[in-house]
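First residue of the sequence shown? That's 1 in the UniProt record's numbering, and the numbers climb one at a time after it. Note that beta-carbon positions come from the ideal geometry of N, C-alpha and C, so glycine has one too. One structure is given below, encoded as structure tokens.
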Amino acid sequence: MATIPAFSPPDWLKTETAEQIQARMMESLPPDIDDTEGGFPWDFTYPTALEKDELLNFHLVETLKLMFPAWSYGAYLDGHARADGLSRRPANAAAGIVTFTGTPGTQIPEGTVVCVPSCGGVPAIEYATDSAAYIGEATDGEDGTVDVAVTAVEPGPTGNVGAGVITIMMDPIAGVTLVNNADKITGGAEEEDDESLRLRIAEYDETSGESFVGCDADYIRWAKEVSGVGTVLVDAQYEKTHPNWVRLIILDSSGEPANGSIIQNVYDHIMRDDNRIERKAPVGAILLVQAPEGEVVNISVEGLQLDGAKTATEVEETFRSALIEYYITAKADSLVKYNEIHAALTRTEGVKNFSKVLVNGDVKDIPLDPADYPCTGEIYGIKDTEATSE
């Protein structure tokens, strides 16, 4: 993975302070002009020295940063990305499946809005059906059901919700008695931040001499150009038994197995069946994009003490992010190591101490089958923990 070096201004700028600038100005005065501090010449030149100091040490430094993708930001970083044929990933809407229950034959129009109800001042989270559907015949003689794909109305991670929480329709439909999501709704992601885009530009530049040859790095880079994509793995074993096939394993930006929408978007982006001129994969390559079978890792923390640097919610978010990074190594080892999870919590900023960690209720490693990828499930014992001090 590419690394971004820390920015260091030119050495000659490090000595350009307001005091040194003014000192040079005072030295340029004729010898018969009073140059003592507090005199009129001193008072007139110091504001100018301050302005030049700001011009050099802030504006010029920021301009230098904007000139290079490693330190650029915002719209200027977007410009560097475009020069490499890249672009910032837009926010991605969460997607999943909702089950409608009711009278057989009832139509569910495309665009039907279902919601997670508003609660405690938090607004409802809305999802729209991707296509029209009809409730099927009943199996129990009463109500029938139909599963319909839905997409969050607003893109972003707020659309990622657990199972069983989508329970109402924005506008009730006669004949529908129940709506519910049996599985989680996933895939929602914020617009790509500067740090992520910066790393993708650096990775592209490092491998630019190999671009479009179809190596593993190319497929990973192409997949990461799609909104909502987090970790990308190339299944090297699959190619040995399926010549010309490339199998990609995709997780979303939250570390969950990618949903069907993201999977399809990755395939379309790389293969471009609709426009072969824009196809990225080499001719003859056959692409298979899949989500892994999630090996759920539930974690229980006992006796947790926080140092007050972060809230309990922030500690859990940081810990989850660290686990996502570790799972890449765990997949390569085909083993989720208990000691690594214990160590990740120890290193988490805001954690002062804890007495015990259980992984899936035990202190054992978790072996991974070839099709498995670890995913963090529930984390117990962190949220609502109060900061403690000696």
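Nearest to residue i (by Cα), restricted to the options the options
i    : options               : result
T103 : R320, P123, T139      : T139
S253 : G188, D194, S72       : G188
Y238 : R24, I286, V116, D273 : I286
D193 : V176, K184, S227      : S227
C375 : G79, V213, A291, A163 : A291
G136 : Q107, A258, F40, C115 : Q107
G255 : E295, R279, A281      : E295
G79  : I201, D333, W245      : I201
A223 : N265, M26, L306       : N265
G230 : Y327, E206, L304      : Y327
C215 : E195, S196, N244      : N244
I250 : E302, T186, N275      : T186
V98  : P282, V113, T207      : V113
G105 : E378, N57, I173, K280 : I173
G144 : G120, L178, G121      : L178
Paired residues, beta bridge with residue i - DSSP
i           : result
F354        : For F354, which the question treats as bridged, DSSP gives no partner whatsoever.
G144        : G102
T151        : A95, A128
residue 442 : Past the boundaries of the shown model lies residue 442; the chain is included only from 1 to 390, so the question cannot be answered.
E295        : P374
Y134        : Q107
T186        : A95
I379        : I299
N180        : T99
P257        : L251
Q305        : N353
Pair within 8 Å by beta-carbon distance, residue i and residue j
i    : j    : result
F319 : T346 : no
G96  : N180 : no
T129 : E142 : no
G361 : V315 : no
P47  : R198 : no
V116 : V165 : yes
P157 : E190 : yes
A94  : G162 : no
K352 : D307 : yes
Y204 : D84  : yes
A133 : V146 : yes
E195 : A2   : no
E126 : M170 : yes
M25  : A49  : yes
P9   : V61  : yes
Integer-rounded CB distance, given that residue j should sit under 8 Å from residue i
i    : j    : result
I382 : I341 : 13 Å between Cβ atoms; not a contact.
V336 : V363 : So it is not a contact: roughly 12 Å between Cβ atoms.
Y338 : P257 : 23 Å between Cβ atoms; not a contact.
V148 : F100 : 6 Å
T17  : D53  : 6 Å
V289 : I324 : Between I324 and V289 the Cβ distance is about 20 Å, and since that is not below 8 Å, they are no contact.
K331 : L233 : 7 Å
A81  : R89  : Wrong, their Cβ atoms sit about 10 Å apart, outside the cutoff.
T36  : Q22  : Incorrect: roughly 13 Å between the Cβ atoms, too far for contact.
Per-residue burial, residue i [other beta carbons within 10 Å of its own, 16 or more giving buried]
i           : result
L368        : buried
L248        : buried
F354        : buried
W12         : exposed
I270        : buried
Q20         : exposed
P155        : buried
I4          : exposed
D235        : buried
T63         : exposed
N259        : buried
P370        : exposed
E225        : buried
N92         : buried
D273        : exposed
L77         : buried
Y380        : exposed
T151        : buried
A344        : buried
S118        : exposed
V301        : buried
L29         : exposed
K184        : buried
D333        : exposed
V213        : exposed
residue 396 : The structure shown does not extend to residue 396, since the chain is modelled only from 1 through 390, so no value can be given for it.
V283        : exposed
K14         : exposed
T241        : exposed
Proximity test, residue i beta-carbon vs the ligand PLP heavy atom, cut-off 7 Å
i    : result
L287 : As for the ligand PLP, it is missing from this structure, which has no ligand bound.
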